[in-house]
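Residue numbers (the working numbering), protein chains in the order written: chain A, 1 to 367; chain B, 1001 to 1307.
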């Protein structure tokens, strides 16, 4: 097909001559992979604690030194009154206050334990709730130690928690597969859409439209370039994940690439629809931004789908990243096989057909 | 209907954009080997008609044939047979002259070598710069490249939408010479322009305004059938002159035309009477002379007849 060949040659020439695009395709994934995994973390660390010590016992000292030693908690101050500590909380210097009542240690001996109070600043809900949980755990550990020193019979842990597949609870391991998804959306969804609308804005599309070349061939030539670019971007990102974070896929890379290819088809279909319904770059960019927002916030990329309200959970079934993110995380972290993920692949395949049909329908060579 | 003998045939074509009527029942035909001009101001509907004829746009009503083929039914065949140069430069600015030429030749299934003779007279002028990117060419060179690309597949009908807009006077004249030599090779050409002075370079012209065709004829014929006597007039107070002239009953129409005002004589017009009437109103240095109308005068007369 000489037409497709010359169209591909033209796209490659334009891609190469563009002072920005080739660099973007290489630099963008490296930059994102180097920075984002470090900064997007849901781990709460350095919760600043003020202790109101009304007890001044061995136990209260044990609690304070435990807080001081913790990686998650930082001891801000030990005061004698709640009001003093509360001032620091209001000031924003302290995230949580632990108030130890008078005769706290003694109350254990008498058998009726007094209650400790924890007040946390929960403007940031995650930090507030996790912070008070950490405090409670620290407290429980201190009490257990004290009891152990009092009575010779050892009390074992009641609950054993094991974090499978991500043993160190690294948020990074959870994020890296998701970042790959974002990269694909941008490189294979945004770029071809903008490129097509660019031809509309420049008027070059008119010159193409009066040639006998079919629109299908013309569009295909553009997409092939970005499909290849998308696969290159993923490969770069996978190499960075391995070199910098030591993270390699537990499952087969073939399954990951198969998912990526299907997802690229879906997303470039989205890009085509965006370019068909918009006549300027601005419109296309706005449309794509809106979609990406929904994709990022509703596909389980950052927050689990299971914690969304029911209606929203149903809505996510039409969002293609949902399936691809699930494939990426399962294959990458758990070593799931193609067969395990067959329903996700099927859903992506269906969406690919629907999106590209939509692109064909919204396209009109003349109005 | 003998559609096969005509290069272009348009029958009652209308097209609206919302409430704006871009074309209103336009009919015209272009013979084979004819250089046909579509003359009219911006907004006359020229570009819309072009887009319908090169199959980029569908008409609301009416039929059109290019090279004997229906623009709706046979659009695929038409695309292979027409050359189209849009009003705006629409080649790839980041490809070189040579790459653009080869690109469009291949899309039409030909090679530059095959049809070199067709484009040679024009392409030779820009060939020394063939490794320069199209975006870095001067206006005149861009235009020559666009024309070369429109001709590379040896079309039988050539559509040029305002090719001379924004081009300097010398290049404009050169461009019309090129069109003339293309016409000599048997090409049918439809060209649009807002410049009335370019009308005389066409075999026949259609004067159009607000989506309507006012008249179709050869430029010479149009001037011949003008009918009414036309004068050029000036005095030391040109603005006052225009106002006063319009107040006289025996002046049918009067409008500015560069250094002079042009004046169309009405019933009971007398040149000496006019001069003395003007001097009574305080005009000095009145100069009045009879002139031969040009296409612009024809256009204005046709416009005033429309109202």
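Even glycine gets a Cβ: it sits at the ideal position worked out from N, Cα and C.
| Hey, is residue 195 of chain A's beta-carbon within less than 8 Å of any beta-carbon in chain B? | no
| query | By the 10 Å Cβ neighbour count, where 16 or more other Cβ atoms means buried, how is residue 2 of chain A classified, buried or exposed? | reply | exposed
| task | Could you tell me whether the Cβ of residue 367 of chain A comes closer than 8 Å to any Cβ of chain B? | result | Low per-residue confidence applies at residue 367 of chain A: pLDDT is 48, beneath 50, and the placement is therefore not dependable enough to give any value.
| request: Assign residue 1196 of chain B to buried or exposed, taking buried as 16 or more other Cβ atoms, counted over all protein chains shown, within 10 Å of its Cβ. | output: buried
| said: Restricting to Cα atoms, I'd like to know which of A:286, A:268 and A:203 is closest to residue 1146 of chain B. | reply: A:203
| By DSSP, does residue 1159 of chain B sit in helix, in strand, or in coil? | strand
| Are at least three pairs of beta-carbons, each pair with one atom in the segment 29-46 of chain A and one in the segment 1109-1119 of chain B, less than 8 Å apart? | no
| request: Name, going along the chain, the residues of the segment 251-274 of chain A whose beta-carbon falls closer than 9 Å to a beta-carbon of chain B. | output: none
| task | Report the neighbours of residue 1123 of chain B on chain A: residues whose CB is nearer than 7 Å to its CB, in chain order. | result | Residues of chain A passing the Cβ test: none, with the nearest at roughly 17 Å.
| field | Interface residues of the segment 207-225 of chain A facing chain B [CB-CB below 8 Å] | value | 207, 208, 209, 210, 211, 212 and 213
| For residue 170 of chain A, which three-state DSSP category applies? | coil
| query | Can you tell me where the beta strand (DSSP E) with residue 1288 of chain B in it begins and where it stops? | reply | 1287-1291
| query | Are the beta-carbon atoms of residue 1204 of chain B and residue 1215 of chain B separated by less than 8 Å? | reply | no
| said: According to DSSP, is residue 127 of chain A part of a helix, a strand, or is it coil? | reply: helix
| Looking at the structure shown, is residue 1034 of chain B part of a helix, part of a strand, or coil, going by DSSP? | coil
| field | Pairwise C-alpha distance: residue 1065 of chain B and residue 1010 of chain B | value | 6 Å
| request: Determine the direct distance from the alpha carbon of residue 1070 of chain B to that of residue 288 of chain A, and round the result to whole angstroms. | output: 39 Å
| message | Give me the residue from A:61, A:339 and A:323 with the minimum Cα distance to residue 146 of chain A. | response | A:61
| Which whole-angstrom value is the C-beta distance of residue 1059 of chain B and residue 1014 of chain B, which I expect to be below 8 Å? | 7 Å
| query | Taking the C-alpha atoms as reference points, what is the distance between residue 116 of chain A and residue 63 of chain A? | reply | 12 Å
| Below-8 Å beta-carbon distance, residue 982 of chain B vs any chain A residue | Since the first residue of chain B shown is 1001 and the last is 1307, residue 982 of chain B is not available in this structure.
| query | Which residue spans inside the segment 284-362 of chain A form an unbroken alpha helix (DSSP H) run of at least 4? | reply | 310-315, 320-329 and 342-362
| request: Give, in chain order, every unbroken run of the beta strand (DSSP E) that is at least 3 residues long and sits entirely within the segment 1017-1076 of chain B. | output: 1020-1031, 1035-1039 and 1061-1066
| task | Alpha carbon to alpha carbon, how far is residue 1121 of chain B from residue 1100 of chain B? Give it in angstroms, no decimals. | result | 18 Å
| query | Can you check whether the CB of residue 1283 of chain B is closer than 8 Å to the CB of residue 1209 of chain B? | reply | no
| Smallest Cα separation from residue 79 of chain A: which of A:56, A:92 and A:231? | A:56
| request: Under 8 Å by Cβ, that's how I've got residue 277 of chain A and residue 362 of chain A pegged, so tell me the actual separation to the nearest angstrom. | output: 6 Å
| task | Inspect the CB distances between the segment 67-82 of chain A and the segment 210-226 of chain A and report whether three or more fall short of 8 Å. | result | no
| task | Verify the CB distance criterion: does residue 282 of chain A have a CB-CB separation below 8 Å to chain B? | result | no
| request: Out of A:322, A:236, A:273 and A:86, point me to the one whose CA is closest to residue 294 of chain A's CA. | output: A:322
| Rounded to a whole number of angstroms, what is the C-alpha to C-alpha distance between residue 1148 of chain B and residue 1263 of chain B? | 44 Å
| Between which two residues does the beta strand (DSSP E) containing residue 47 of chain A stretch? | 47-53
| query | Which one or two residues does DSSP pair with residue 1206 of chain B in a beta bridge? | reply | B:1038 and B:1216
| request: From the DSSP output, read off the bridge partner residues of residue 1010 of chain B. | output: B:1028 and B:1064
| Taking any Cβ of chain B, which residues in the segment 1-14 of chain A have a Cβ under 7 Å from it, in chain order? | 2, 3, 6, 10, 13 and 14
| field | Buried or exposed (CB count within 10 angstroms, at least 16 for buried), residue 1002 of chain B | value | In this prediction, residue 1002 of chain B has a pLDDT of 44, which is less than 50 and means its spatial position is unreliable; what the coordinates show is noted afterwards. Counting Cβ neighbours within 10 Å, residue 1002 of chain B comes out exposed, since fewer than 16 surround it.
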